[in-house]
Amino acid sequence: MPPHNGQYFVEEKSWSELLSHARLWRNISKKRMNMMLHHFLLYFDHSGEERLLALGGSGQSPQETIYTAPLIRLSLINSVTKLTLLPYLNTKPSKSGPPPAELAALCERQRTTVSSGISSYDFNPISSTLLYSDSTNLYHIQVSFQKEEKSIIGNGIKGCPLHAQLCPVDSSLVAFVANFNIYEKFKKSACAKRFLIQCMVRILEFLRKGKVIYSSSAGENIMNGCSSFIAQEELDRFTGIWWSPGPQKMLLYEQVDETAVTSLQFTVPGCSPTRPMKYPVSGTTNAISTLRLITIDENKITDEKLTIELRTVYPWYEYLSRVGWLPDGSAY
5 MPPHNGQYFV
15 EEKSWSELLS
25 HARLWRNISK
35 KRMNMMLHHF
45 LLYFDHSGEE
55 RLLALGGSGQ
65 SPQETIYTAP
75 LIRLSLINSV
85 TKLTLLPYLN
95 TKPSKSGPPP
105 AELAALCERQ
115 RTTVSSGISS
125 YDFNPISSTL
135 LYSDSTNLYH
145 IQVSFQKEEK
155 SIIGNGIKGC
165 PLHAQLCPVD
175 SSLVAFVANF
185 NIYEKFKKSA
195 CAKRFLIQCM
205 VRILEFLRKG
215 KVIYSSSAGE
225 NIMNGCSSFI
235 AQEELDRFTG
245 IWWSPGPQKM
255 LLYEQVDETA
265 VTSLQFTVPG
275 CSPTRPMKYP
285 VSGTTNAIST
295 LRLITIDENK
305 ITDEKLTIEL
315 RTVYPWYEYL
325 SRVGWLPDGS
335 AY
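In the working numbering, the protein residues as written are 5 to 336.
Structure representation (structure tokens):
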């Protein structure tokens, strides 16, 4: 179909008016672009009301934060419900500066933009516990009896904490990945100085500080809690840790062995050479992914291989595409 032949009226403006017009629409376009919401979570609060949590920017600031809104179900089928988003947290703008290298690499693999502010969150509606990260620290918030107790966890851990998750059985337990290793932290009372495990197995009413109770071990070319290069690039899976829904406190995680993977060095003319990196070139050996299980009892923590190795049951398997638990936690 040929284009419509016609002229449109264009209002003549002075140079200053054109500048004002450009500034106005630049602000409007920024607001529309920064208000993109993601990482939605639907849940019932303690009053039985359906609510929504989402991560996004306000449009007036590049800082991302968590928003919430009640979900109202109307009886009319054709009616449209308007959500009024309000900030769930009163967070202060984070310090400006380059993002951590781990977060930048993860966003590059995900084909997303590195943003400032809150980068990820996890929420347990049963215990009203919120866990979120600003790419540098992890924050643990417990809401009870109209009181909010906020504390920073993850201090002393080198590297950016990624993929932080609350334990569904005990929200005082937090697992996250840093430097390709799994860390598990818990919240304990300031006056509890006896056995750490005794403090860990219950949610304490007054929480003050966290402490690492377990750290997985990794050797050269071994990554814990991270998906392999192929899983990230081709299968769109970036998580490598999975909490059991209960009743036991168990964490399933992926261990990736890149020993046999080809090492390549990528250089840019005029720049210093980069460190060699593992890159599974087509036709060469891929990384080997296995699963391990961490079990947390009252008096000990065990980190073991699976009773039956995956390659024993499926000797032909090459890639670990998806991992999960049954809803009752009886199997994975």
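Where is the CB? At the ideal position from N, CA and C, for every residue including glycine.
task: On a CA-only basis, which of Arg27, Ser220 and Ala291 is nearest Tyr257? Give me that one, please.
output: Taking the sequence shown and counting its residues from 1, one reaches residue 257 at position 253. The option with the nearest alpha carbon to Tyr257 is Ser220.
field: Spatial neighbours of Pro172 in its chain, beta-carbon cut-off 8 Å, leaving aside the 5 residues before and after
entry: For the purposes of this step, residue 172 is identified with residue 168 of the sequence shown, where counting begins at 1. Result list for Pro172: Asn128, Trp247, Ser248, Pro249 and Gly250, in chain order.
- request: Name the two residues that bound the continuous alpha helix (DSSP H) containing Glu112.
  value: Sequence index remark: in the sequence shown, residue 112 carries index 108 (1-based). Taken as a continuous stretch (DSSP letters only), the alpha helix (DSSP H) holding Glu112 covers Ala105 to Gln114.
- prompt: Would DSSP call His25 helix, strand or coil?
  reply: Numbered from its first residue, the sequence shown carries residue 25 at position 21. Note: His25 maps to helix in three-state DSSP.
- prompt: To the nearest angstrom, how far is it from the Cα of Arg163 to the Cα of Arg30?
  reply: In the sequence shown, residue 163 corresponds to position 159, counting from 1. In the sequence shown, residue 30 corresponds to position 26, counting from 1. In the sequence as presented, Arg is not what sits at residue 163; that position holds Gly. Cα to Cα, the separation comes out at about 36 Å.
query: Buried or exposed: Thr133, going by 16 or more other Cβ atoms within 10 Å of its Cβ?
result: Counting from one through the sequence shown, the residue named residue 133 turns up at place 129. Its Cβ being crowded by 16 or more others within 10 Å, Thr133 is buried.
message: Could you check whether Leu93 and Thr69 sit closer than 8 Å to each other, using their CB atoms as the reference points?
response: Counted from its first residue, the sequence shown places residue 69 at position 65. Counted from its first residue, the sequence shown places residue 93 at position 89. Their beta carbons are under 8 Å apart, which means Thr69 touches Leu93 by this criterion.
- prompt: Between which two residues does the alpha helix (DSSP H) carrying Thr316 extend?
  reply: Counted from its first residue, the sequence shown places residue 316 at position 312. Taken as a continuous stretch (DSSP letters only), the alpha helix (DSSP H) holding Thr316 covers Leu314 to Val317.
query: Would you report the Cα separation of Leu135 and Leu324, rounded to the nearest angstrom?
result: Position 131 of the sequence shown, counted from the start, is the residue given in the question as residue 135. Position 320 of the sequence shown, counted from the start, is the residue given in the question as residue 324. Rounded to whole angstroms, Leu135 to Leu324 spans 28 Å at the Cα level.
- request: In the DSSP assignment, find the beta strand (DSSP E) that holds Ala182 and state where it starts and stops.
  value: By one-based count along the sequence shown, residue 182 stands at place 178. Unbroken beta strand (DSSP E) run through Ala182: Leu177 to Ala182.
- prompt: Counting along the chain, where does the alpha helix (DSSP H) carrying Glu237 start and finish?
  reply: By one-based count along the sequence shown, residue 237 stands at place 233. That run of the alpha helix (DSSP H) goes Phe233 to Glu237.
- prompt: Which residues does DSSP pair with Ser267 in a beta bridge?
  reply: For the purposes of this step, residue 267 is taken as residue 263 along the sequence shown, with counting starting at 1. Per DSSP, Lys282.
message: For Pro165, count the other beta carbons within 10 Å of its own beta carbon; 16 or more makes it buried, fewer makes it exposed. Which is it?
response: Here residue 165 is taken as the residue at index 161 of the sequence shown, counted from 1. Answer is buried; the Cβ neighbour count reaches 16.
task: Assign Met204 to one of two classes, buried (16 or more other C-beta atoms within 10 Å of its C-beta) or exposed (fewer than that).
output: As a working mapping, residue 204 is identified with position 200 in the sequence shown. Residue placement at Met204 cannot be trusted, given a pLDDT of 22 that sits under 50; the coordinates are not used to answer.
field: Within 8 Å, strictly: CB atoms of Val178 and His144
entry: Position 174 of the sequence shown, counting from 1, holds the residue named residue 178. Position 140 of the sequence shown, counting from 1, holds the residue named residue 144. Going by C-beta atoms, Val178 is nearer than 8 Å to His144.
query: Secondary structure at Ser20, three-state DSSP: helix, strand or coil?
result: Here residue 20 refers to the residue found at position 16 of the sequence shown. Reduced to three states, the DSSP call for Ser20 is helix.
query: So does the segment 257-270 actually touch the segment 292-305, counting three or more Cβ pairs closer than 8 Å?
result: yes
message: With a threshold of 8 Å on Cβ separation, who are the neighbours of Glu237 within its own chain once the five nearest residues in sequence on each side are excluded?
response: Along the sequence shown, one-based indexing puts residue 237 at 233. Taken in chain order, the residues that qualify are Arg113.
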